[in-house]
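Residue numbers (UniProt numbering), protein chains in the order written: chain A, 1 to 333; chain B, 1 to 333.
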């Protein structure tokens, strides 16, 4: 294992500490328990939005804390759910009296710990709603999840729900928007290489020099099949085909196309993937109205990519375009 | 070699093609010869800024084309200089009558080809000035360069010169600002792993499982020394120590601290590096007034990091803060 770390035990606190200094114009960090929160939290009368989950997927979630997106992020240990304690603390820190939305990726540990935290916060008089994200079409029901997994589509849920909260929507409306985004986004990914969790010290799985894993999870969970390496265009056809089989588009509909790097993928490869994905959508008469290409939901240094497609309508497009100011996503201010 | 590509010969054109579709609100691409240009170029009366160099360092340079930064970028083959031809074409495409600045990283091929292109453009009546970037303190004079190499500090030169051009400075003034930034920025990097150039198919060098290369170049050129892996804090002390030895700071001076990932480095590691670098600067009484953390000048999938420090003054800080709207750097609009 070669990593730019000190003690594996301190990876998350040191990274969060550095993040908070680098982005002190936007966020502050609490280190006991660990969470990252907008520096202007709580905002009176605004619905607060909290997300979180295991670390190692950066910039998800702390990179999305700021104006127009999340109010707080709760990073657990690498690839491990945060406990209820920091989730409760983050929820309290962002409660401005209008309630708090939890955006939770669909992993058993995350779901349970956010549920417990929501109950504890409710006992303290904070109204909490929760939306579970489960955009990964690759597999259903596994060792890690009942149902589908939540992956890169989470970024789109967080951005659009964040814009709704920022414009003043109430808790039920923000939760409804988040639910709507989740219902209209699908994702599938591929891994070319595994990654090494610092406290494990070994790759969580192995792929031969000519093998790739189609439908990989963001913790290296198994996907649909392990195949021989193919040209990028063939891989894109597999991933996007699975996405569009699960959520067909009619000609003339608008899509947001997200090509997400897994952390170790060169940017030229992401744009080669994007190019073919955009072509396939155009061939089917789908308008790629908005695009996002980069590392947004990663698996440490894993090489690979996921393709997400969100079916847009005017409301979602307007909320996507609304100003956002976070470490990892910024426009309009 | 496992990469998300089709034919290695088409890596650059396919990636540029995808980039231009994804960011069609900001840029357009020409494919014969290949360059990326602001969609509103040429801007009458504004100094045009062109940069370029071998591909494989993305987002450098095409990711920095847009309002407040570059007017055009010329990507060569992976790790190989573009020929004069596309540089001339890009120079003509951005000439709004106020002249064009070439920002050139200090590699022999880049310098020669940009010089030739400048001569050809001048013969066509375009006033061209050139600034060479040579911020890498690691080595001097090598197989690749006379003098020092140009690395991640290039991003800071491009941003700040771009802001000067956008506010209406004339060619001499924009060139002077670029020269000033180059004179005040220093960088040193480290590699944990090598990268594979697509048309080569093999790593350009090898490192043992416990070895790192201190002072690595962005094409994998040798650095100062190959050592055993150390804790991140010790590596940061080496890199930042070399930078500050070369450009001492007085207590109370302001710095911009750039922690740049080489492409395959997990974001948690970049922030662990940033944290210690910021601590060291604080210990020396230097104020980290601005920060930038992420993948900005990469070497494909290489794992590693570089640390750049720019000595700020009020003028440079104001130009850094000015609005920018590119694929890879955006704020203020």
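Here a beta-carbon is modelled for each residue, glycine too, at the ideal position from N, C-alpha and C.
Residue-level contact to chain A via CB, residue i, 9 Å cutoff
| i | result |
| --- | --- |
| residue 295 of chain B | yes |
| residue 272 of chain B | yes |
| residue 275 of chain B | yes |
| residue 209 of chain B | yes |
| residue 288 of chain B | yes |
| residue 90 of chain B | no |
| residue 72 of chain B | no |
| residue 291 of chain B | yes |
| residue 152 of chain B | no |
| residue 278 of chain B | yes |
Three-state secondary structure assigned by DSSP to residue i
| i | result |
| --- | --- |
| residue 311 of chain A | strand |
| residue 203 of chain A | strand |
| residue 114 of chain A | helix |
| residue 120 of chain B | helix |
| residue 334 of chain A | Because residue 334 of chain A is not part of the residues shown, which for chain A are 1 to 333, the question remains open. |
| residue 84 of chain B | helix |
| residue 316 of chain A | helix |
| residue 267 of chain A | helix |
| residue 238 of chain B | helix |
| residue 100 of chain A | strand |
| residue 306 of chain B | strand |
| residue 8 of chain A | helix |
| residue 253 of chain A | coil |
| residue 329 of chain A | coil |
| residue 182 of chain A | helix |
| residue 281 of chain B | helix |
Straight-line gap, residue i to residue j (C-alpha atoms, nearest Å)
| i | j | result |
| --- | --- | --- |
| residue 200 of chain A | residue 109 of chain A | 19 Å |
| residue 313 of chain A | residue 77 of chain B | 40 Å |
| residue 88 of chain B | residue 20 of chain B | 20 Å |
| residue 142 of chain A | residue 269 of chain A | 30 Å |
| residue 333 of chain B | residue 322 of chain B | 10 Å |
| residue 26 of chain B | residue 245 of chain B | 40 Å |
| residue 262 of chain A | residue 72 of chain A | 23 Å |
| residue 331 of chain B | residue 228 of chain A | 42 Å |
| residue 266 of chain A | residue 101 of chain A | 35 Å |
| residue 212 of chain B | residue 193 of chain B | 7 Å |
| residue 24 of chain A | residue 47 of chain B | 34 Å |
| residue 136 of chain A | residue 148 of chain A | 6 Å |
| residue 242 of chain A | residue 233 of chain B | 44 Å |
| residue 151 of chain A | residue 134 of chain A | 7 Å |
| residue 306 of chain A | residue 188 of chain A | 5 Å |
| residue 301 of chain A | residue 126 of chain B | 45 Å |
| residue 297 of chain B | residue 179 of chain B | 19 Å |
Residue i, buried or exposed, once every other Cβ within 10 Å from all chains shown has been counted against 16
| i | result |
| --- | --- |
| residue 311 of chain A | buried |
| residue 86 of chain B | buried |
| residue 191 of chain B | buried |
| residue 158 of chain B | buried |
| residue 206 of chain A | exposed |
| residue 32 of chain A | exposed |
| residue 220 of chain B | buried |
| residue 58 of chain B | buried |
| residue 40 of chain A | exposed |
| residue 124 of chain B | exposed |
| residue 336 of chain B | Past the boundaries of the shown model lies residue 336 of chain B; chain B is included only from 1 to 333, so the question cannot be answered. |
| residue 9 of chain B | exposed |
| residue 329 of chain B | buried |
Any C-beta of chain D under 9 Å from that of residue i
| i | result |
| --- | --- |
| residue 101 of chain B | In summary, chain D is missing from the structure at hand, where the protein chains are A and B. |
Cβ of residue i within 9 Å of any chain B Cβ
| i | result |
| --- | --- |
| residue 23 of chain A | yes |
| residue 331 of chain A | yes |
| residue 76 of chain A | no |
| residue 300 of chain A | yes |
| residue 165 of chain A | no |
- Item | Short-range partners of chain A found in the stretch 3-18 of chain B, where Cβ spacing is below 9 Å | 3, 4, 5, 6, 7, 10, 11, 12, 14, 15, 16, 17, 18
- At a Cβ cut of 8 Å, what residues of the stretch 43-67 of chain B count as close to chain A, listed as they run along the chain? 55, 56, 58, 59, 63
- Item | Proximal residues, the stretch 221-239 of chain A versus chain B, C-beta separation under 7 Å | From the stretch 221-239 of chain A, only 229, 231, 232, 233, 235 have a Cβ closer than 7 Å to chain B.
- Could you list the residues in the stretch 239-272 of chain A with a C-beta less than 9 Å from some C-beta on chain B, going in chain order? 257, 259, 263, 264, 265, 266, 267, 268, 269, 270, 271, 272
- Select from the stretch 302-326 of chain A all residues with a C-beta closer than 7 Å to any C-beta belonging to chain B, and list them in chain order. 303, 305
- Item | Near-chain B residues of the stretch 190-220 of chain A - C-beta to any C-beta below 9 Å | 190, 192, 193, 195, 198, 207, 209, 210, 211, 212
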